[in-house]
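**Student:** Numbering (this note's numbering), first residue to last: 23 to 635.
Right, here's the structure in full:
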């Protein structure tokens, strides 16, 4: 008769400590291996009634998600842990650095003794992967994005401005610009995050090419936006930036295997239209920008159904399949086949003699109908992470080309995605003194609950920098009408300007599910084109701005800011942006700018703003 393992003679607390230590020493699969040795251990690991062991194991490896999401259920510890372990094993099993051979003026890649031949079209790339790959990609990316969203809170930066005044108004924009840095401060070195370290280790060799290739293929094809994993790919890229396949340079890379060459020649469908890609980092980033431009500057993307911002269209034209419900991705006919003209456009009030308010509403799934001239309610606005990913690629390419690498690293540090960096302590006002807000008195009306939470919960008030990218209007029109955005002479104009924000008031939450986060109303000033490369600028080159900070139904933060024309109080440009990472993160908000009145042929471009003081 087999004896029970000696470990079972130990007290239960010691056994649990051993299992927790196994997870903490970067070998989470050791728990599963140990559970397979006997029924008793399997029962301890998998059949415990209260699941407290899995809470201990989870917290030995990851940050406590309850810090940022109090709704986390104790029963989810096991599933959350195993999903992340599965994602890491999946990424490890499908990624590796490329071995490359240096050649004059070119770089060709080899991987495990075979040439990297990439299908000439995205359709071929997708044909070579069964649907199960898309589902596995979705599962892995969902787990990784969850790690990002639940990273530990960042220690709040000192909520003091470099320049103080006796009034409640912020100092002039010129002073703020002269006395504040262009990029966020470094997070405190002692304030570490298990989640961020896990991300660095898991993604050290990049992502599977079935994911990276969607963003950096040799064809500018937008159809990948309708894959099951598209929104999760976009969200990861929006937060972490484009992650190229890493390369290892070698003098003599192995030649392609004759067996592999014969195999490829036996499939003429693929061999006739495949090509070797330059897999150097610069080439991968260039292809990513080439793929991003057609979406980031797609004028027909602007639509009332998207609230003229980077949001999924509402209502969807067709019922979503089950897998789409997970990622809120619209069907292909939502915006690719019927966007030759903006059928949702309605002239602003007083702007013309015609109106579509009397038009017959389009039948909607489930028998409901939405008036043609109605923008989506806040409860129906969800980020379109595919567009935001394109915006991130365009923005970071401009920064890498023109900004010092150390400054870029300060902005793009993954720790900057953690919530709380710019959220002031409850007792801190604008200058670090006692909070100037007056708490609302008790009320029997549940609808007035938000008045008890009037505070800067988003870290809005302060000094910011805003990166704005755009194309020359003639280029924008040409490439939207006739071109493909592939032109060696095509380049985005860009500018980084100062932006000040001051809270002017609060109103009821835009989404009722977040009663503790009322809508924040802000005003401020923003620099114009004259601020490029100089702090000694004319006070006249200042745009007034106003807007709101509110919640989206999926828990992301929405930034809606409108700016005026120079030397005027008339609105000119409007921007819609989504916070990257957690609430009050140092990474800031990424989004879109366009005309304030949403007229036909309005331009659009990329904007990224981050707080600096």
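Even glycine gets a Cβ: it sits at the ideal position worked out from N, Cα and C.
On a predicted model such as this, the values are computed, not experimentally measured, just so you know.
(1) Take residue 573 as the anchor and find which of 605, 469, 589 has the nearest alpha-carbon.
(2) Which same chain residues, not among the five before or five after residue 469, have their C-beta less than 6 Å away from its C-beta?
(3) With a CB to CB cut of under 8 Å and the five nearest residues on each side skipped, what residues in its chain are close to residue 46?
(4) Where does residue 544 sit, in a helix, a strand or coil, going by DSSP?
(5) Check each candidate in 303, 481, 193 and name the one with the smallest Cα separation from residue 637.
(6) What does DSSP give as the partner residues of residue 114 in its beta bridges?
(7) With a cut-off of 8 Å on the beta carbons, I'd call residue 479 and residue 525 a contact; round off their distance for me.
(8) Determine the DSSP secondary structure at residue 177, reduced to helix, strand or coil.
(9) With residue 215 as the anchor, note down where its alpha helix (DSSP H) starts and where it stops.
(10) Could you tell me which of 581, 617, 546 sits nearest to residue 193, measuring between CA atoms?
(11) Please list the terminal residues of the continuous beta strand (DSSP E) segment that includes residue 255.
(12) Give every residue of the same chain whose Cβ lies closer than 7 Å to the Cβ of residue 514, excluding the five residues on either side of it in the sequence, and list them in chain order.
(13) What does a CB cutoff of less than 8 Å around residue 73 pick up in its chain, not counting 5 residues either side in sequence?
(14) Helix, strand or coil for residue 44, going by three-state DSSP, please let me know.
(15) Whole angstroms are fine: how far does the CA of residue 409 sit from the CA of residue 567?
(16) Helix or strand or just coil, what does DSSP make of residue 502?
(17) In angstroms, rounded to a whole number, what distance separates the CA positions of residue 436 and residue 105?
(18) Taking the beta carbon of residue 271 as the centre, do at least 16 other beta carbons fall within 10 Å, making it buried, or is it exposed?
(19) Going by the beta-carbon positions, is the gap between residue 167 and residue 257 smaller than 9 Å?
(20) Check residue 199 in the structure and name its three-state DSSP category.
(21) Can you tell me which of 596, 510, 602, 603 puts its alpha carbon nearest to the alpha carbon of residue 618?
(22) According to the neighbour-count rule (16 or more other Cβ atoms, all chains shown, within 10 Å of its Cβ), is residue 359 buried or exposed?
(23) What did DSSP end up calling residue 597 once you bin it into helix, strand or coil?
(24) Would a C-beta distance cut-off of 9 Å place residue 206 and residue 432 closer than the cut-off?
(25) Quick check on residue 252: buried or exposed, where buried means 16 or more other Cβ atoms within 10 Å of its Cβ?
(26) Just the Cα atoms here: how many angstroms apart are residue 500 and residue 260?
(27) Beta strand (DSSP E) containing residue 13: first to last residue?
(28) Is it true that the stretch 316-331 meets the stretch 582-599, where meeting means three or more beta-carbon pairs spaced less than 8 Å apart?
(29) Taking the alpha carbon of residue 425 as the point to measure from, which residue in 544, 503, 516, 171 has its own alpha carbon closest?
(30) With burial defined as no fewer than 16 other Cβ atoms inside 10 Å of the residue's Cβ, what is the status of residue 498: buried or exposed?
(31) Check the C-beta distance from residue 443 over to residue 178 and give it rounded, since I have them as a contact under 8 Å.
(32) Go to residue 235, then tell me how far its beta strand (DSSP E) extends in each direction, as first and last residue.
(33) Alpha carbon to alpha carbon, how far is residue 156 from residue 301?
(34) Nearest to residue 615 by CA position, among 489, 42, 571, is which residue?
(35) Can you give the Cα-Cα distance for residue 386 and residue 338, rounded to whole angstroms?
(36) Tell me the rounded alpha-carbon separation between residue 414 and residue 430.
**Tutor:** A quick look at the data gives this:
(1) Taking the chain shown and counting its residues from 1, the one referred to as residue 573 is at position 551. Ranked by Cα distance from residue 573, the first of 605, 469, 589 is 605.
(2) In the chain shown, counting from the first residue as 1, residue 469 sits at position 447. Once the five neighbours on either side are set aside, residue 469 has no close Cβ partner at all.
(3) Numbered from its first residue, the chain shown carries residue 46 at position 24. Cβ-Cβ distances below 8 Å link residue 46 to 82, 83 in the same chain, with the five nearest sequence neighbours on each side left out; the list follows chain order.
(4) The residue given as residue 544 occupies position 522 in the chain shown. Note: residue 544 maps to strand in three-state DSSP.
(5) Outside the shown range of the chain, which is 23 to 635, sits residue 637, and nothing can be said about it.
(6) For the purposes of this step, residue 114 is identified with residue 92 of the chain shown, where counting begins at 1. For residue 114, which the question treats as bridged, DSSP gives no partner whatsoever.
(7) Start at 1 with the first residue of the chain shown, and residue 479 comes out as number 457. Start at 1 with the first residue of the chain shown, and residue 525 comes out as number 503. Incorrect: roughly 11 Å between the Cβ atoms, too far for contact.
(8) Position 155 of the chain shown, counted from the start, is the residue given in the question as residue 177. If DSSP states are grouped into helix, strand and coil, residue 177 belongs with coil.
(9) The count along the chain shown starts at 1 and reaches residue 215 at position 193. Where residue 215 is concerned, there is no enclosing alpha helix (DSSP H), because DSSP gives it neither an H nor an E.
(10) As a working note, residue 193 is residue 171 in the chain shown. With distances taken between Cα atoms, residue 193 lies closest to 546.
(11) For the purposes of this step, residue 255 is taken as the residue at position 233 of the chain shown. Premise fails: residue 255 lies in the alpha helix (DSSP H), 252-262, not in any beta strand (DSSP E).
(12) Position 492 of the chain shown, counted from the start, is the residue given in the question as residue 514. 416, 420, 491, 492, 493, listed in sequence order.
(13) Mapped onto the chain shown, residue 73 falls at position 51. Excluding residues within five positions, the ones whose Cβ falls inside 8 Å are 96, 97, 99, 100.
(14) Counting from one through the chain shown, the residue named residue 44 turns up at place 22. Correct three-state label for residue 44: helix.
(15) Locating residue 567 in the chain shown gives position 545, counting from the first residue. Locating residue 409 in the chain shown gives position 387, counting from the first residue. The alpha-carbon of residue 567 is positioned some 25 Å away from that of residue 409.
(16) Within the chain shown, numbered from 1, the residue matching residue 502 stands at position 480. Assignment of residue 502 by DSSP, reduced to helix, strand and coil, places it in the helix class.
(17) Position 414 of the chain shown holds residue 436. Position 83 of the chain shown holds residue 105. Looking at the two C-alpha atoms, the distance is approximately 21 Å.
(18) Along the chain shown, read from residue 1 onward, the residue named residue 271 stands at position 249. Of the residues assessed, residue 271 falls on the exposed side of the cut-off, its CB having fewer than 16 other CB atoms within 10 angstroms.
(19) For the purposes of this step, residue 167 is identified with residue 145 of the chain shown, where counting begins at 1. For the purposes of this step, residue 257 is identified with residue 235 of the chain shown, where counting begins at 1. Yes, these two residues count as a Cβ contact at 9 Å.
(20) For this step, residue 199 is matched to residue 177 along the chain shown. Look at residue 199 here: in three-state DSSP terms it is helix.
(21) What you label residue 618 is simply residue 596 of the chain shown in a count that begins at 1. A check of alpha carbon separations from residue 618 across 596, 510, 602, 603 identifies 596 as the nearest.
(22) Working through the chain shown from its first residue, we reach residue 359 at position 337. With a pLDDT of 43 at residue 359, under the threshold of 50, the predicted position of this residue should be treated as unreliable, though the coordinate-derived value follows. Residue 359 is exposed by the Cβ-count criterion.
(23) As a position in the chain shown, residue 597 is number 575, starting the count at 1. DSSP places residue 597 within a strand segment (E or B) once states are collapsed to three.
(24) By 1-based counting over the chain shown, the position of residue 206 is 184. By 1-based counting over the chain shown, the position of residue 432 is 410. Against a cut-off of 9 Å, the Cβ pair of residue 432 and residue 206 comes out as a contact.
(25) The sequence position of residue 252 within the chain shown is 230, counting from 1. Taking all protein chains in view, the Cβ of residue 252 is crowded by 16 or more other Cβ atoms within 10 Å, so the residue is classified as buried.
(26) As a first step, residue 500 must be located in the chain shown, where it is residue number 478. As a first step, residue 260 must be located in the chain shown, where it is residue number 238. Just so you know, the alpha carbons of residue 500 and residue 260 end up roughly 27 Å apart.
(27) Absent from the structure is residue 13, since the part of the chain shown begins at 23 and ends at 635.
(28) Segments in contact, yes.
(29) As a working mapping, residue 425 is identified with position 403 in the chain shown. The residue from 544, 503, 516, 171 with its alpha-carbon nearest to that of residue 425 is 516.
(30) What you label residue 498 is simply residue 476 of the chain shown in a count that begins at 1. So residue 498 ends up on the buried side.
(31) Reading the chain shown from its first residue, position 421 is the one you call residue 443. Reading the chain shown from its first residue, position 156 is the one you call residue 178. Contact between residue 443 and residue 178 holds, since their C-beta atoms are separated by about 7 Å, short of 8 Å.
(32) Here residue 235 is taken as the residue at index 213 of the chain shown, counted from 1. Residue 235 -> not in any beta strand (DSSP E); alpha helix (DSSP H) instead, spanning 231-237.
(33) Taking the chain shown and counting its residues from 1, the one referred to as residue 156 is at position 134. Taking the chain shown and counting its residues from 1, the one referred to as residue 301 is at position 279. When rounded, the distance between both Cα atoms is 23 Å.
(34) Position 593 of the chain shown, counted from the first residue, corresponds to residue 615. If we check each option's Cα against that of residue 615, 489 comes out closest.
(35) Start at 1 with the first residue of the chain shown, and residue 386 comes out as number 364. Start at 1 with the first residue of the chain shown, and residue 338 comes out as number 316. The predicted position of residue 386 is uncertain, since its pLDDT is 43 and thus under 50; no value can be drawn from it.
(36) Residue mapping note: residue 414 aligns to position 392 of the chain shown, counting from 1. Residue mapping note: residue 430 aligns to position 408 of the chain shown, counting from 1. Cα-Cα distance, rounded: 13 Å.
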